[in-house]
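Please read the structure below before turning to the comments.
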Amino acid sequence: PAPPARGALPTPRGERATGRRPREAAMSAVEGLVSDLKMLAAFETAADWREQKAMDGAFAAISWEDPVVKAALPEYLAASGSERAKVDYAFNAMVPRPPANIDGRQAVIHTWIKAR
Numbered sequence: 321p322a323p324p325a326r327g328a329l330p331t332p333r334g335e336r337a338t339g340r341r342p343r344e345a346a347m348s349a350v351e352g353l354v355s356d357l358k359m360l361a362a363f364e365t366a367a368d369w370r371e372q373k374a375m376d377g378a379f380a381a382i383s384w385e386d387p388v389v390k391a392a393l394p395e396y397l398a399a400s401g402s403e404r405a406k407v408d409y410a411f412n413a414m415v416p417r418p419p420a421n422i423d424g425r426q427a428v429i430h431t432w433i434k435a436r
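Dropping the structure here:
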């Protein structure tokens, strides 16, 4: 493939997995991230109130079937300490509280979002 034009943004890693153009892939990635962060907040709120049905609903609404995140998850888990620290730092800026010990699913959501 030809190199990107001067000043052009690099192709998001998800373009190959989704078949979408770069702008569409980037918008989809942002929308997916925002959606997952909303569901994380809903899950945490439900956990605080011990509302099992609401926790289940928020957990089910996470983007578990997103092929781009599925592909990125092993990369995140295999990343070196310094590369993983960069992702963790960015994630902690958005979600400053560590997962509570109420339900292990919260930690799973955190890992999924980090892979996103």
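Just so we're aligned, residue 321 is where the sequence shown starts under the working numbering, counting upward by one. The C-beta atom is built at its ideal place from N, Cα and C for all residues, glycine as well.
Return helix, strand or coil for residue i, following the three-state DSSP convention.
i: N421; result: coil
i: I429; result: helix
i: E403; result: helix
i: A381; result: coil
Got a sec, what are the start and stop residues for the alpha helix (DSSP H) residue i sits in?
i: P394; result: P387 to A398
i: R343; result: P342 to D368
Find out if the Cβ-Cβ distance for the pair residue i, residue j is shorter than 9 Å.
i: D408; j: I382; result: no
i: V388; j: A345; result: yes
i: M438; j: A367; result: Nothing can be reported for residue 438: it is not among the residues displayed for the chain, which extend from 321 to 436.
i: F379; j: I433; result: no
i: A413; j: P419; result: no
What's the C-alpha gap between residue i and residue j?
i: R425; j: T431; result: 10 Å
i: R436; j: Q372; result: 26 Å
i: P342; j: V350; result: 12 Å
i: F363; j: G352; result: 16 Å
i: S348; j: D386; result: 10 Å
i: A410; j: R370; result: 28 Å
i: A399; j: I422; result: 28 Å
Does the ligand COA have even one heavy atom less than 8 Å from the beta-carbon of residue i?
i: V407; result: The ligand COA is absent from the structure shown, which contains no ligands of any kind.
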